[in-house]
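27 is the number of the first residue of the sequence shown in the numbering used here; add one for each residue after it.
Heads up, the beta-carbon is just placed ideally off N, CA and C, and yes, glycines get one too.
Working notes for the structure below.
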Amino acid sequence: MNTENINTVVAIAILYQQDHYLMQLRDDIPGIAYPGHWGFFGGHLDPGETPEAGLRRELIEEIDYQAAELKLFKVYPDPGVIRHVFYGSLTVSLTDLVLKEGWDLGFFSLEQIQASQRYSSKAKGTFPLAYPHQKILLDFIEFQTNQFRSLTHTMERHDTELNTNHLPPSRL
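Right, dumping it as structure tokens:
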């Protein structure tokens with residue numbers, strides 16, 4: 027059987043509170059993707075599992091978190107792996123999460139994402155952000171920014187229409 031064209035399928039979560047993004051410091055052990063790097067929570071899908079169901083299972087397994095709402099952001103097909111990327115608001119505090127997989131967890135600011143590294147007090151060191159995860163986060167932040175701009179523009183246009191519709195004809 028030719029296994030060269032078989033891709034690993036994973037589902038990963040961009041969980042955020044305001045402008046901070048939850049990441050996992052992966053264990054520094056051989057045989058896992060990006061050991062000793064910061065990355066998203068999530069993982070491999072079980073046979074027959076949908077990406078969203080797999081991600082929900084992984085979030086419970088890794089941090090004991092049941093996401094209220096997850097939306098599909100994008101699918102990133104790369105050589106060897108297909109990443110289904112979901113996003114949602116983290117509705118609990120960090121102290122409510124139970125880290126059951128990985129070395130540490132923490133929020134990344136935009137500056138830390140751009141610097142591609144973050145300090146872990148638990149691991150007592152600065153560790154890199156896995157490159158594909160940095161790229162995905164920057165794509166997502168751009169998506170959020172564009173959504174906000176579009177919403178703001180729509181609201182401004184709507185306000186202008188309301189204001190001109192309520193002016194007496196002599197004021198137009």
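Same chain, Cβ closer than 7 Å to residue i, neighbours up to 5 away in sequence not counted
i	result
His46	Phe133, Phe134 and Ser135
Gly62	Arg52, Asp54 and Phe153
Gly69	Val36 and Glu84
Glu127	Glu87 and Glu88
Thr34	His70, Gly106 and Val107
Gln143	Thr152, Phe153, Pro154 and Leu155
Phe166	Ile40, Phe99 and Tyr113
Helix, strand or coil at residue i [DSSP, three-state]
i	result
Met27	The predicted model places Met27 with a pLDDT of 43, which falls under 50 and marks its position as unreliable, so this point remains unresolved.
Tyr145	strand
Arg197	Here Arg197 scores only 46 on pLDDT, less than 50, and its place in the model should not be relied on; the value that follows carries that caveat. Correct three-state label for Arg197: helix.
Pro77	helix
Gln91	A small fix is needed here, since residue 91 is Tyr in this sequence, not Gln. DSSP places Tyr91 in coil when its eight states are reduced to three.
Tyr47	strand
Leu71	coil
Leu85	helix
Leu125	coil
Ile108	strand
Alpha-carbon to alpha-carbon, residue j and residue i
i	j	result
Ile58	Ser119	28 Å
Ile89	Gly65	14 Å
Val111	Tyr157	15 Å
Per DSSP, cross-strand counterpart(s) of residue i
i	result
Val118	Paired residues: none, contrary to the question.
Gly151	Ser146
Lys97	Tyr113
Leu41	Gly114
Gly132	Met49
Nearest-angstrom Cβ-Cβ length linking residue i and residue j, presumed shorter than 8 Å
i	j	result
Ser115	Gln43	7 Å
Leu163	Ile139	5 Å
Arg109	Ile38	6 Å
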